[in-house]
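Our numbering puts the first residue of the sequence shown at 1, with every later residue one more than the last.
Accompanying notes for the structure given below.
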Amino acid sequence: MMLSPRVYLPGARLRSPSAPIGQSQRSRVIDLNMEPVDSQETAPETAPENAPETAPENSPGNAPEIAPETAPETAQENACRKTVLPNEKRREIFDAVLARAKNGDLKGHETTEVSVQFSVPIRTVQRIWQQGKSCLDQGIPVDVSSGRSRCGRKKIEVDVSKLRDIPISRRRTIKDVAKQLGVSKTKLHQMKQEGAIKRVSNPMKP
């Protein structure tokens, strides 16, 4: 049985008060039979500080970009929009459905035929028919207009014939005329621009 030689390093031997006797001596013993170990081999491999971080393959950031198919969706949205037709064509559609109706009633295929004839959605034909049919039921003239011309502020109607009854002394200026007619000066100026009224001056002086 061979004993491995041991070497004791000289130096100060300090011992902690809580450590047992002889522990400081054993810490200085080096076994010469052990192969030297390089500190670089045992050190854990560390990534360089400036190395870029790579995301995993299955991460959301590496997912392939898929271009959204917006063209079919846009075409579908345009097809679902409400069709706005001129009032003349709406009247023609109503007359075509009314000509196919029997005693004011439809069997079901009339709106489809008119839809194909005028190349409009069947829902538009049904809506025009219901609008005109309600006028017939109430005994009033048929009105199937889209109603877009009835929006906004209503035009103020001014009876211009009242100007003749106003004395000349009370309608010398726009302010006086606006006061007599009960309208604003802006409205009176617009009427003058449209030609509804005009300024008259007398070259004769008293």
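Glycine included, C-beta positions come from ideal geometry on N, C-alpha and C.
All figures in this text were calculated on a predicted structure; none of them were measured in a lab.
Run of the alpha helix (DSSP H) containing Leu98, from where it starts to where it stops = Leu98 -> alpha helix (DSSP H) spans Asn87 to Arg100.
query = My guess is that Lys185 and Ile174 are in contact by the Cβ rule of under 8 angstroms, so how many angstroms apart are they, rounded?
reply = 6 angstroms
inquiry  = I need the straight-line Cα distance from Gln119 to Lys133, nearest angstrom please.
reply    = As written in the sequence, residue 119 is Ser, which differs from the Gln given in the question. For Ser119 and Lys133, the distance between alpha carbons rounds to 21 angstroms.
key: Ala75, buried or exposed, once every other Cβ within 10 Å from all chains shown has been counted against 16   = Residue confidence is low: Ala75 scores 47 on pLDDT, short of 50, so the model does not pin down where it sits. Its coordinate-derived value is still stated next. By the C-beta density criterion, Ala75 is exposed, having fewer than 16 other C-beta atoms within 10 angstroms.
task = Classify Asp220 as helix, strand or coil using the three-state DSSP reduction.
result = Coverage of the chain is limited to positions 1 through 206, which leaves residue 220 absent and any answer about it impossible.
message = Considering only DSSP beta bridges, list what Asp105 is partnered with.
response = Lys102
ask   = Would you call the CB atoms of Val114 and Gln131 closer than 7 angstroms?
value = No. Outside cutoff.
query = Which stretch, first to last residue, makes up the alpha helix (DSSP H) that contains Phe132?
reply = Strictly speaking, residue 132 in this sequence is Gly, with Phe absent from that position. Per DSSP, Gly132 belongs to the alpha helix (DSSP H) from Ile122 to Gln138.
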